[in-house]
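Only one structure is covered here, and it is reproduced in the block below.
Residue numbers (the working numbering): 107 to 357.
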């Protein structure tokens with residue numbers, strides 16, 4: 107007679123997960139890896155000595171197969187968050203991951219609000235620095251990016267690439283390599299939300315489209331005048347309004 111293994115037979119740290127099975131589809135292993143990453147960050151997964159539960163226990167907890175768990179663990183290893191000890195199993199790296207990861211926010215007002223709080227903390231000070239530090243060549247790059255964005259807006263184009271180029275030129279003018287590197291990181295991961303906002307703005311109202319353009323112009327003029335406080339205020343207004351527009355569209 108086959109004995110069914112009960113959830114309580116797993117290591118105590120598994121009980122802390124309280125997970126629902128993950129929906130099937132593409133990216134299943136990535137979804138498991140994301141949940142494991144969060145569980146590790148909450149410190150409610152690893153047992154004594156930072157050892158992870160077995161593949162069998164994790165597969166049962168997440169409602170997936172062992173190969174999926176194996177692939178998810180491999181993803182965490184590539185981040186340096188999980189390390190292997192030969193013959194002993196998988197362990198959480200006590201030094202933490204050596205890779206910064208920023209997941210897109212959930213499709214909720216709270217998730218969007220948190221993201222834009224983060225963007226404000228990065229882009230506003232970078233814009234202030236751009237107003238202080240931009241040289242003639244950098245100011246020209248910002249002006250050129252703005253003019254291309256203006257022309258695309260007037261021609262009813264998408265404008266996503268031009269929008270990104272405008273903000274990227276501003277960050278470049280900050281002369282801070284950390285802002286520059288991190289802005290590039292953000293572009294590849296969360297700018298899809300800005301892309302959505304631009305498309306929805308264009309579809310909803312041309313007046314809103316030109317409101318966005320006026321916000322960009324306010325940033326440009328403040329940088330031209332070398333006024334960091336006005337530049338920061340203009341960047342804050344732009345991001346705050348962008349967040350409000352995106353929430354409106356999501357609703």
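Here a beta-carbon is modelled for each residue, glycine too, at the ideal position from N, C-alpha and C.
This one's a predicted model, so the numbers in the text were calculated from it and none came from an experiment.
Q. When DSSP labels each residue in this structure, what does residue 192 get in the three-state scheme?
A. coil
**Q.** Best match in 327, 332, 329 and 321 for proximity to residue 342 [C-alpha to C-alpha]
**A.** Considering only alpha carbons, the answer is 321.
Q) On the three-state DSSP scale, how would you describe residue 198? A) strand
Q | The alpha helix (DSSP H) enclosing residue 311, as first and last residue numbers | A | Annotation for residue 311: no alpha helix (DSSP H) segment contains it, and DSSP assigns it neither H nor E.
**Q.** Cut-off 6 Å between Cβ atoms - residues of its own chain near residue 172, not counting five sequence neighbours on either side
**A.** 161 and 165
**Q.** Range of the contiguous alpha helix (DSSP H) that encloses residue 135
**A.** 134 to 147
**Q.** Of the residues 259, 243 and 226, the one placed nearest residue 339, counting alpha carbons only
**A.** 226
Q.
Rounding to the nearest angstrom, what Cα-Cα distance links residue 230 and residue 312 in this structure?
A. 26 Å
Q. Roughly how many angstroms lie between the CA atoms of residue 293 and residue 222, to the nearest whole one?
A. 14 Å
Q: State the Cα-Cα distance for the pair residue 142 and residue 224, rounded to the nearest angstrom.
A: 23 Å
**Q.** Closest Cα partner of residue 145 within the set 135, 158 and 133
**A.** 158
(Q) Tell me which residues share the same chain as residue 191 and place their Cβ nearer than 8 Å to its Cβ, disregarding the 5 neighbours each side in the sequence. (A) 197
Q | Nearest-angstrom Cβ-Cβ length linking residue 168 and residue 138, presumed shorter than 8 Å | A | Right, their Cβ atoms sit about 5 Å apart.
Q) The alpha helix (DSSP H) with residue 181 in it runs from where to where? A) 172 to 184
Q | Residue closest to residue 350, alpha-carbon to alpha-carbon, out of 327, 249, 318 and 336 | A | 318
Q) Between which two residues does the alpha helix (DSSP H) harbouring residue 287 extend? A) Unbroken alpha helix (DSSP H) run through residue 287: 283 to 293.
Q. Near residue 245, what residues of its chain come up, given a Cβ to Cβ distance below 8 Å and the 5 sequence neighbours on each side ignored?
A. 279, 329 and 330
(Q) Rounded to whole angstroms, what is the Cα-Cα separation between residue 308 and residue 259? (A) So the two alpha carbons sit approximately 9 Å from each other.
Q: Consult DSSP for residue 234 and reduce its assignment to one of helix, strand or coil.
A: helix
(Q) Helix, strand or coil for residue 240? Go by DSSP, reduced to three states. (A) coil
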